[in-house]
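Here the protein sequences line up with chains A and B, keeping their order.
1 is the number of the first residue of the first sequence in the UniProt record's numbering; add one for each residue after it.
1 is the number of the first residue of the second sequence in the UniProt record's numbering; add one for each residue after it.
Written out below as structure tokens is the structure these notes cover.
2 protein chains.
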Amino acid sequence: MAQGPTINTIAERAGVSIASVSRVLNGLPTRQETVRKVMAAADELGYVRNAVARSLKSRRTHQVAFAMADVGNPAYLAMLREIQPVLKAAGYRLVLHSTDAVAADEIEVLHSLGERYVDGLIMSPLRVTEAHLETLSAARAPVVIIGSVPEGTRVDNVRADSRTGVKLAIDHLYGLGRRRIGMINGPLDTVPGASRGAAYREALEELGLPYDEDLVQIGDFYRAEGGRAVAALLERVPDVDALMCANDLIALGALDVLRAAGRRVPEDVAVVGMDDTDLAAASWPSLTSVSLGSAERGKAAAELLLDRLQNGDREPRLVTVPPRLSVRASTAGEQAARTARNVPPGADAGRDAAGKGDGA
Amino acid sequence: MAQGPTINTIAERAGVSIASVSRVLNGLPTRQETVRKVMAAADELGYVRNAVARSLKSRRTHQVAFAMADVGNPAYLAMLREIQPVLKAAGYRLVLHSTDAVAADEIEVLHSLGERYVDGLIMSPLRVTEAHLETLSAARAPVVIIGSVPEGTRVDNVRADSRTGVKLAIDHLYGLGRRRIGMINGPLDTVPGASRGAAYREALEELGLPYDEDLVQIGDFYRAEGGRAVAALLERVPDVDALMCANDLIALGALDVLRAAGRRVPEDVAVVGMDDTDLAAASWPSLTSVSLGSAERGKAAAELLLDRLQNGDREPRLVTVPPRLSVRASTAGEQAARTARNVPPGADAGRDAAGKGDGA
DNA sequence: AAAAACTCTGTAAACGTTTACGGCGTTTGG
DNA sequence: CCAAACGCCGTAAACGTTTACAGAGTTTTT
Numbered sequence: 001m002a003q004g005p006t007i008n009t010i011a012e013r014a015g016v017s018i019a020s021v022s023r024v025l026n027g028l029p030t031r032q033e034t035v036r037k038v039m040a041a042a043d044e045l046g047y048v049r050n051a052v053a054r055s056l057k058s059r060r061t062h063q064v065a066f067a068m069a070d071v072g073n074p075a076y077l078a079m080l081r082e083i084q085p086v087l088k089a090a091g092y093r094l095v096l097h098s099t100d101a102v103a104a105d106e107i108e109v110l111h112s113l114g115e116r117y118v119d120g121l122i123m124s125p126l127r128v129t130e131a132h133l134e135t136l137s138a139a140r141a142p143v144v145i146i147g148s149v150p151e152g153t154r155v156d157n158v159r160a161d162s163r164t165g166v167k168l169a170i171d172h173l174y175g176l177g178r179r180r181i182g183m184i185n186g187p188l189d190t191v192p193g194a195s196r197g198a199a200y201r202e203a204l205e206e207l208g209l210p211y212d213e214d215l216v217q218i219g220d221f222y223r224a225e226g227g228r229a230v231a232a233l234l235e236r237v238p239d240v241d242a243l244m245c246a247n248d249l250i251a252l253g254a255l256d257v258l259r260a261a262g263r264r265v266p267e268d269v270a271v272v273g274m275d276d277t278d279l280a281a282a283s284w285p286s287l288t289s290v291s292l293g294s295a296e297r298g299k300a301a302a303e304l305l306l307d308r309l310q311n312g313d314r315e316p317r318l319v320t321v322p323p324r325l326s327v328r329a330s331t332a333g334e335q336a337a338r339t340a341r342n343v344p345p346g347a348d349a350g351r352d353a354a355g356k357g358d359g360a
Numbered sequence: 001m002a003q004g005p006t007i008n009t010i011a012e013r014a015g016v017s018i019a020s021v022s023r024v025l026n027g028l029p030t031r032q033e034t035v036r037k038v039m040a041a042a043d044e045l046g047y048v049r050n051a052v053a054r055s056l057k058s059r060r061t062h063q064v065a066f067a068m069a070d071v072g073n074p075a076y077l078a079m080l081r082e083i084q085p086v087l088k089a090a091g092y093r094l095v096l097h098s099t100d101a102v103a104a105d106e107i108e109v110l111h112s113l114g115e116r117y118v119d120g121l122i123m124s125p126l127r128v129t130e131a132h133l134e135t136l137s138a139a140r141a142p143v144v145i146i147g148s149v150p151e152g153t154r155v156d157n158v159r160a161d162s163r164t165g166v167k168l169a170i171d172h173l174y175g176l177g178r179r180r181i182g183m184i185n186g187p188l189d190t191v192p193g194a195s196r197g198a199a200y201r202e203a204l205e206e207l208g209l210p211y212d213e214d215l216v217q218i219g220d221f222y223r224a225e226g227g228r229a230v231a232a233l234l235e236r237v238p239d240v241d242a243l244m245c246a247n248d249l250i251a252l253g254a255l256d257v258l259r260a261a262g263r264r265v266p267e268d269v270a271v272v273g274m275d276d277t278d279l280a281a282a283s284w285p286s287l288t289s290v291s292l293g294s295a296e297r298g299k300a301a302a303e304l305l306l307d308r309l310q311n312g313d314r315e316p317r318l319v320t321v322p323p324r325l326s327v328r329a330s331t332a333g334e335q336a337a338r339t340a341r342n343v344p345p346g347a348d349a350g351r352d353a354a355g356k357g358d359g360a
């Protein structure tokens with residue numbers, strides 16, 4: 001592979017020094033004649049700046065890393081989708097790390113900041129351990145954490161508010177007249193499982209509804225098990241009239257099982273999901289879902305990082321993104337949902353260019 | 001920010017030369033005593049290799065770029081999901097480019113290979129223009145193209161086979177006794193639109209069915225417009241008994257409209273989508289869909305690139321990924337679909353850790 | 001015992017930029 | 001007409017590595 005031209009090649013051909021070439025290429029004040037010669041030579045040679053050499057000297061890579069648990073996870077994708085354009089607009093490239101939700105991998109990513117291949121990092125750790133905090137405090141580049149971090153940790157931080165999110169949903173159901181509101185949750189030893197469970201209890205209490213253990217069923221965060229959990233709950237509490245599901249997949253499982261059991265949604269049982277993924281709009285009936293603002297969190301994180309990159313020593317900031325309730329047919333009925341959103345029938349689609357890019 | 005330690009710092013502390021330090025760090029043969037001293041110094045200082053300086057010297061960045069049209073597109077995501085682990089296992093980082101399906105951006109990415117910030121590129125262009133080919137032939141790093149490329153282009157290439165994919169679907173519908181099979185397509189001036197339209201026609205001909213223009217309706221690739229197209233088709237050809245949709249979103253729109261029109265799916269009208277996205281499994285009835293193997297294409301592309309990086313001058317290769325039909329309820333009925341997949345009710349969920357990573 | 005071979009290490013150059021510094025030639029001011 | 005000021009430009013050092021080469025010291029061979 002032919003060695004590409006360098007500023008040396010250009011300098012030779014233009015009959016000037018490499019310093020002049022560099023100055024011209026960087027737009028520093030230079031005599032017109034010199035500019036012309038250098039530009040001509042550069043054009044003829046098809047010169048492109050070597051980013052690596054540039055980074056070595058300038059100590060800036062113009063790259064930022066984003067470490068997510070799982071590339072397939074819609075919540076992280078929503079973040080990615082917002083992070084990408086923000087960084088791109090600011091002239092940064094995006095390096096993607098998938099940590100498979102393994103703490104050791106996350107710590108390895110933090111540690112690898114020492115290699116200085118990126119200027120900063122946005123990370124959304126599954127859960128923050130002592131080891132995370134230690135490595136974090138020694139990190140050799142600015143980091144923004146998406147997710148909760150112990151009080152007093154000196155790091156830029158973006159959080160969701162799932163507590164308020166759950167409350168929004170419960171209040172919504174209450175407002176629709178539901179009084180026997182069940183909860184289908186994931187394992188309580190996960191961060192979201194624990195906080196969503198607690199939030200459910202609190203929301204009921206604030207409304208003056210009794211907390212009834214029979215109304216809570218634990219499974220995992222997937223569709224099949226979610227369905228089974230709902231089946232178990234229906235058996236135990238036949239008069240349940242609403243289901244708060246800890247994520248959208250569980251809610252889809254709920255729809256499966258309710259349909260099989262001959263219960264109408266939302267007339268007999270209203271269903272609410274969480275995360276407001278694409279799936280919520282695709283299902284039938286479409287799913288009311290609590291959005292925890294993944295997209296907004298991604299955007300906020302990117303902006304925090306950019307700000308920090310320009311202004312290294314300001315105080316760490318905390319941004320909390322408010323949740324939002326996307327009301328759809330599974331609680332409000334098709335008619336009501338449509339009115340709320342003010343869209344014509346069938347216009348619920350998100351964007352999708354699927355199939356555009358395939359090789360036919 | 002404190003300047004991190006370099007091999008110079010280590011050399012000083014260990015009382016050896018930087019060459020020795022480098023040798024030790026790279027595992028080149030060295031006296032035990034020296035190894036010990038260097039390792040000790042490196043540990044004490046918390047030394048981490050500077051990837052940029054390393055790249056400059058070695059002319060290898062251990063980074064690979066993936067350029068996709070749109071981060072939000074499930075088809076590209078499926079690719080990304082497979083590409084990531086393959087590269088990671090081989091010790092490469094992934095740089096993500098989103099080109100917004102703008103040809104100029106794609107060309108810019110190709111051009112920027114000259115900056116040498118990556119060792120290679122996987123690109124899935126919306127459509128390959130003359131300008132693409134020109135820039136491609138002058139690219140300063142190996143490229144793998146996902147998608148079709150003119151005969152004779154010297155580049156590693158991975159393709160889907162949407163022709164066979166459409167045929168699979170049409171044959172399936174024919175096998176179910178359907179004879180009035182409509183097609184809802186996107187614009188014919190897009191690559192997938194054109195090829196899927198042609199494939200539909202051919203598949204009918206091979207089965208001895210007449211090609212009836214009335215059975216074809218063009219819209220775009222989104223849900224709302226897809227629904228409208230279906231409505232128009234129903235009006236014109238009330239006795240249509242199956243719909244071949246050019247992607248899953250169109251198919252979702254079809255389900256919306258058929259439901260509103262009181263037609264049962266699949267009893268009255270069978271529906272097939274394309275791309276086999278997550279949405280297909282989430283909808284109700286779940287959607288039979290043609291998978292064009294996005295995941296497999298991504299994997300193949302990553303492997304081709306890695307191979308090329310190790311073996312620069314072999315002949316370009318072409319890999320064609322066969323399509324697959326995922327039969328679900330929208331053609332076969334719930335019962336049949338379940339039998340075909342041999343899964344219990346409600347176990348249709350894909351993976352999803354949504355909600356795991358959020359800050360609660 | 002001298003030469004040859006071998007092992008280990010240090011010096012220095014190179015990768016492709018950016019940039020501080022000083023020199024030279026021209027303009028300006030007194 | 002000389003000095004000061006200024007505008008351009010070239011030389012060289014630096015960023016943090018890797019690595020060719022040669023020198024020093026040790027071991028083997030003849």
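Where a beta carbon is used, it is the ideal one built from N, C-alpha and C, also for glycine.
| Asked | Found |
| --- | --- |
| Would a check of beta-carbon distances place serine 22 (chain B) closer than 9 Å to chain A? | no |
| Could you give the first and the last residue of the continuous beta strand (DSSP E) run that contains leucine 325 (chain B)? | 324 to 326 |
| When you compare each of B:Pro238, B:Val272, B:Asp276, B:Ala246 to glycine 262 (chain B) by their alpha carbons, which one comes out closest? | B:Pro238 |
| Go through its chain and collect everything with a Cβ distance to aspartate 348 (chain B)'s Cβ below 7 Å, but skip five positions before and after it. | Low local confidence applies: a pLDDT of 39 at aspartate 348 (chain B) is under 50, so the model's placement there is unreliable, and no value is given. |
| Does the segment 97 to 112 of chain A come close enough to the segment 261 to 276 of chain A that 3 or more CB-CB pairs lie under 8 Å? | no |
| Residues in the same chain with beta-carbon distance under 7 Å from valine 265 (chain B), minus the five sequence neighbours each way, listed in chain order, please. | Leu255, Leu258, Val271, Pro285, Ser330 |
| What alpha helix (DSSP H) runs, 4 residues minimum, are completely inside the segment 74 to 119 of chain A? | 74 to 89, 103 to 112 |
| Using only the alpha-carbon positions, how far apart do valine 48 (chain B) and leucine 168 (chain B) sit? | 54 Å |
| For arginine 179 (chain B), which three-state DSSP category applies? | coil |
| Leaving aside the five residues before and after leucine 188 (chain B) along the sequence, list all residues of the same chain whose C-beta is less than 7 Å from its C-beta, in chain order. | Ala194, Gly197, Ile218 |
| In its own chain, which residues sit with a C-beta less than 8 Å from the C-beta of aspartate 161 (chain B), not counting the 5 before and 5 after it? | Leu292, Thr320, Val321, Pro322, Pro323 |
| Per DSSP, what kind of secondary structure is glutamine 3 (chain A) in: helix, strand or coil? | coil |
| Would you kindly work out how many angstroms separate the C-alpha atoms of arginine 223 (chain A) and valine 230 (chain A), rounded to a whole number? | 11 Å |
| Exposed or buried, threonine 288 (chain A), counting other C-beta atoms within 10 Å across all chains shown (16 or more means buried)? | buried |
| Among A:Asp313, A:Asp278, A:Asp119, which residue has its Cα nearest to the Cα of alanine 51 (chain B)? | A:Asp119 |
| So, are the CB atoms of alanine 41 (chain A) and isoleucine 10 (chain A) less than 9 Å apart? | yes |
| If you reduce the DSSP assignment to three classes, tell me which class serine 137 (chain B) lands in. | helix |
| Can you name the residues of chain A whose CB is closer than 7 Å to the CB of residue 369 (chain B)? | Outside the displayed span of chain B (1 to 360) sits residue 369 (chain B), for which this structure offers no information. |
| Indicate the three-state DSSP secondary structure (helix, strand or coil) for serine 20 (chain A) in the structure shown. | helix |
| Name the two residues that bound the continuous alpha helix (DSSP H) containing arginine 201 (chain B). | 191 to 206 |
| Is the separation between the beta-carbon of methionine 79 (chain A) and that of glycine 298 (chain A) shorter than 9 Å? | yes |
| Chain A partners of arginine 314 (chain B), CB-CB under 7 Å? | Within 7 Å Cβ-Cβ: nothing; arginine 314 (chain B) doesn't reach chain A, min ~14 Å. |
| Within the 9 Å Cβ cut-off, does histidine 132 (chain B) reach chain A? | no |
| At least one CB of chain B closer than 9 Å to the CB of methionine 183 (chain A): is that the case? | no |
| Got a sec, what are the start and stop residues for the alpha helix (DSSP H) glycine 226 (chain B) sits in? | 223 to 236 |
| Return the residue from the list A:Arg236, A:Asp70, A:Leu173, A:Leu87 that minimises the CA-CA distance to alanine 301 (chain A). | A:Leu87 |
| With DSSP as the reference, identify every bridge partner of isoleucine 218 (chain B), one or two as the case may be. | B:Asn185 |
| In chain order, which continuous runs of the beta strand (DSSP E) of length 3 or greater are located wholly inside the segment 256 to 283 of chain B? | 270 to 274 |
| Pick out the complete alpha helix (DSSP H) segments inside the segment 30 to 59 of chain A, 4 residues or longer, and give them in chain order. | 32 to 45, 51 to 58 |
| By a C-beta neighbour count over all protein chains shown, 10 Å radius and 16 as the cutoff for buried, is asparagine 247 (chain B) buried or exposed? | buried |
| Does valine 272 (chain B) have its Cβ less than 9 Å from a Cβ in chain A? | no |
| Is the CB-CB distance between valine 144 (chain B) and leucine 121 (chain B) below 9 Å? | yes |
| Buried or exposed, going by whether 16 or more other CB atoms sit within 10 Å of the CB of arginine 31 (chain B)? | exposed |
| Give the secondary structure of serine 162 (chain B) by DSSP, where H, G and I count as helix, E and B as strand, and everything else as coil. | helix |
| Can you give me the C-alpha to C-alpha distance between methionine 39 (chain B) and valine 21 (chain B), rounded to a whole angstrom? | 9 Å |
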